[in-house]
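Data first, discussion second: the structure below is written as structure tokens.
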Amino acid sequence: MTGRKKRVVIGLSGGVDSSVAARVLMDQGYEVIGLFMKNWHDTTGVLESDCPWLDDKYDAEAVARKLNIPFHFVDLSAEYRARVVDYMFAEYEKGRTPNPDVLCNREIKFDVFMEKAFELGADYVATGHYCRKETIFTENGEIHRLLAGADGNKDQSYFLCQLSQKQLAKALFPIGEMMKPDVRKVAGELKLITAHKKDSQGICFVGKVDLPVFLQQKLKAKEGRVFLIPPESELFERNWGAVDENPTDEVFEELAHPYPFHPRDGQKIGEHNGAHFYTIGQRKGLDIGGFPEPLFVIGINVDYNQVYVGMGKEHPGLYRRVLKILNEEVHWIRPDLALKDGESRRLKIRIRYRQPLQNGILYQRENGAFIVFDEPQRGITPGQFAAWYENDELTGSGVIS
RNA sequence: GGUCCCUUCGUCUAACGGUUAGGACACAAGAUUUUCAUUCUUGAAAUAGGGGUUCGAUUCCCCUAGGGACUA
Numbered sequence: 005m006t007g008r009k010k011r012v013v014i015g016l017s018g019g020v021d022s023s024v025a026a027r028v029l030m031d032q033g034y035e036v037i038g039l040f041m042k043n044w045h046d047t048t049g050v051l052e053s054d055c056p057w058l059d060d061k062y063d064a065e066a067v068a069r070k071l072n073i074p075f076h077f078v079d080l081s082a083e084y085r086a087r088v089v090d091y092m093f094a095e096y097e098k099g100r101t102p103n104p105d106v107l108c109n110r111e112i113k114f115d116v117f118m119e120k121a122f123e124l125g126a127d128y129v130a131t132g133h134y135c136r137k138e139t140i141f142t143e144n145g146e147i148h149r150l151l152a153g154a155d156g157n158k159d160q161s162y163f164l165c166q167l168s169q170k171q172l173a174k175a176l177f178p179i180g181e182m183m184k185p186d187v188r189k190v191a192g193e194l195k196l197i198t199a200h201k202k203d204s205q206g207i208c209f210v211g212k213v214d215l216p217v218f219l220q221q222k223l224k225a226k227e228g229r230v231f232l233i234p235p236e237s238e239l240f241e242r243n244w245g246a247v248d249e250n251p252t253d254e255v256f257e258e259l260a261h262p263y264p265f266h267p268r269d270g271q272k273i274g275e276h277n278g279a280h281f282y283t284i285g286q287r288k289g290l291d292i293g294g295f296p297e298p299l300f301v302i303g304i305n306v307d308y309n310q311v312y313v314g315m316g317k318e319h320p321g322l323y324r325r326v327l328k329i330l331n332e333e334v335h336w337i338r339p340d341l342a343l344k345d346g347e348s349r350r351l352k353i354r355i356r357y358r359q360p361l362q363n364g365i366l367y368q369r370e371n372g373a374f375i376v377f378d379e380p381q382r383g384i385t386p387g388q389f390a391a392w393y394e395n396d397e398l399t400g401s402g403v404i405s
């Protein structure tokens, strides 16, 4: 069983994190191979650089050379478009707000890319994510735990919330124990070209985009109306407390439902360019001024092409205590910890990247899973992922309905 | 048709005859952020037009262009 070194393919992105991750693997005694993937080249709606992927490839290659590891290149553009970008368009078209990067990890990095890595003889696939994996052994076999990164400020476990045990089994996260400043420091000491490169932002592989422009490749703009809903609307008179004691399925369903706005609930205050370009909680881009406090999107209806807004950051339309996840969209990274119908468990949840973990209870019912937060949550947005943690372990996630 | 009252950044508005004409929202640019958002900082931006009176006019007066439950 000894002898040959374990071979790891590291996804070199051309950034600092994966660069240092490669080095860490070498220090840990693995045979390391760098593999760069090209996933996107279209620049429609992309701000900044015209050809970012080529710059990144150059940097990744330079890093591989510096570390003296083999470098390979793979073009996954077709798969990325089919499994990430098309999903994005489809979700926005339905009036939901997708998280392409979560899909990118599930469908590309830890699927198609992983397959390519295996073709190179890999035992494991590594990435520069700030998160940790721990494997425990039980009588039922190995169980892989996805843990938050040691650097609480950079923890990226959220983006991996849709991974499976099978994917996790082959994954390594070399920098999960490190703090970001230390990663940069190491890169500097190694004189890696990526040492002082700015962290990437925006959609992974695509970059920072002007979303309406990007989406207009596929979704057409069409003028619709914007309605202002007063905070005292009866729509907000929900008895949130009902969910704290023996809630029925009806109570769950009612409280987890987005507010059903209708034009008669408010007044028309402007026009927009397509309801599917907006998301819950959004402030910028409405182009409606003159109100004493900012307006936030509190609802969108793509069937009637309507956008509903509320004034002020405390508007009740921005808050809810309950969300629903369809049964088929409940995903347990730890199937062994999955709740059975009728069960519930107290845990911590976040509904977007970098949101501080929130206390709440997950209820598994016959008609779906429901998360009840201790405190009302701002901007619960259909299409986004709710990820739940038990201590510092991400045990499951699901798409918000 | 008469006697009145209004007119300031894109919008809503503030300014004893003396201010770099202020603020909020919107917008823009940066910062933060491997989703979408949020948040933070900075910036650009106006006295309807024309005449007066005053050392000095957004402010007072007079004319031309847009709104008001007094008038057979």
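The numbering used here puts the last residue of the first sequence at 405; the count rises by one with no breaks.
Virtual Cβ for every residue (Gly too), placed ideally from N, Cα, C.
- In this structure, the alpha-carbon of I14 lies about 11 Å from that of P74.
- Nearest to V187 by alpha-carbon distance, out of K9, V20, R149 and H45, is V20.
- Here DSSP, grouped into helix, strand and coil, assigns F77 to strand.
- By the neighbour-count definition (other C-beta atoms within 10 Å, threshold 16), P360 is an exposed residue.
- M182 places its beta carbon less than 9 Å from that of V28.
- For G15, the uninterrupted beta strand (DSSP E) segment begins and ends at R11 to G15.
- R27 is bridged by DSSP to nothing; it lacks a bridge partner.
- With fewer than 16 other CB atoms across the displayed protein chains lying within 10 angstroms of its CB, L330 is exposed.
- Residue nearest to Q368 within the set P386, S401 and G387 is S401 (criterion: CA-CA distance).
- Secondary structure of G293 (DSSP, three-state): coil.
- In this structure, DSSP gives N72 a state outside helix and strand, which the three-state scheme calls coil.
- Taking 4 residues as the shortest admissible run, the stretch 238-320 contains the following complete alpha helix (DSSP H) segments, listed from N- to C-terminal end: 253-260.
- Close CB contacts of R354 within its chain, under the 7 Å cut and outside five residues either way in sequence, are with Y162, L361, Q362 and A391 (chain order).
- The criterion of a C-beta distance shorter than 9 Å is not satisfied by L259 and R350.
- It is roughly 33 Å from the alpha-carbon of F93 to the alpha-carbon of P178.
- Non-local beta-carbon contacts of F231 in its own chain, meaning distances under 8 Å to residues more than five positions away in sequence, involve F265, P267, D269, G270, Q271, K272, I273, Q310, V311, Y312 and V313 in chain order.
- For A391, the uninterrupted beta strand (DSSP E) run begins and ends at F389 to E394, by DSSP.
- Nearest neighbour of V36 by Cα position, chosen from A130, V301 and C55, turns out to be A130.
- M41 is bridged by DSSP to V78.
- Each of V190, T198 and I140 was checked against the Cα of A173, and the nearest Cα belongs to I140.
- Contact between P262 and G303 holds: CB atoms are separated by about 6 Å, below the 8 Å threshold.
- For A191, the enclosing alpha helix (DSSP H) begins and ends at K184 to E193.
- When DSSP states are grouped into helix, strand and coil, I179 belongs to the coil group.
- Remark: C-beta atoms of G387 and V403 approach each other more closely than 9 Å.
- In the three-state scheme derived from DSSP, where H, G and I count as helix and E and B as strand, D378 is classed as strand.
- Within the DSSP bridge table, the entry for N331 names no partner.
- Distance from the Cα of L366 is smallest, within the candidate group R358, E394, K70 and W44, for E394.
- For L124, the three-state secondary structure derived from DSSP is coil.
- L167 and I337 do touch by the CB rule: their CB atoms are close to 6 Å apart, below 8 Å.
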